[in-house]
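When you line the sequence shown up against this note's numbering, it's residues 29 to 164, in that order. For glycine and all other residues, C-beta sits at the position ideal for the given N, C-alpha and C. Here the structure is a predicted model, which is why all the values come from computation and not from measurement. Below is one structure; the comments refer to it alone.
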Amino acid sequence: MPPSQFDRKVVQPPAVPAENAPVLGQTIQVWLDNHDWDFQPWVMGFRDRIWLSWRVPSDYKQGILSGTTELSVTVARDGSLTACEVTGKSGTAALDLSSLAAVKAAAPFAALPANFPGNDLILTVRLDYPRLARTP
29 MPPSQFDRKV
39 VQPPAVPAEN
49 APVLGQTIQV
59 WLDNHDWDFQ
69 PWVMGFRDRI
79 WLSWRVPSDY
89 KQGILSGTTE
99 LSVTVARDGS
109 LTACEVTGKS
119 GTAALDLSSL
129 AAVKAAAPFA
139 ALPANFPGND
149 LILTVRLDYP
159 RLARTP
């Protein structure tokens, strides 16, 4: 589902910056397909795990690449990753692969809360690689 179909978006800097992860303004945005539960704590943990796993390509760090990758991610009730696919390409395979790798490396996630009203949760995750100044 595209983010426009979701009415809840979570955007907040992760609590713990990753040593080798995003630099200079990169963001992770998350949209949910189901928000009839206390989603905020779980989503913050989900997002933080991805942030800590996010390794950006060296060409991005050098200011050669930029873009945004959008993923559809499905998490089972037990926190296992059951699907992860690119639904919006950045225009650069290296960025798309970096985004996929971040989510896959972050799994498994915490189990969904007991009050979660379904068997799995579908999230739209957008990883943004803003343009950096080129380095020589």
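Next on the checklist: Per DSSP, what are the beta-bridge partners of Ile150 in this structure?
Outcome noted: Thr102
Item to check | N-terminal and C-terminal residue of the alpha helix (DSSP H) that Ile78 is part of | outcome: It spans Gln68 to Ser81 - the alpha helix (DSSP H) in which Ile78 sits, taken as one unbroken run.
Checklist entry - If we ignore side chains and look at the alpha-carbon of each, how far apart do Tyr88 and Arg77 end up? => result 21 Å
Checklist entry - What do you get for Ser86, buried or exposed, if any count of 16 or more other CB atoms within 10 angstroms of its CB means buried? => result exposed
Checklist entry - What do you get for Asp106, buried or exposed, if any count of 16 or more other CB atoms within 10 angstroms of its CB means buried? => result exposed
Next on the checklist: Which residues does DSSP list as the beta-bridge partners of Ala111?
Outcome noted: Thr102
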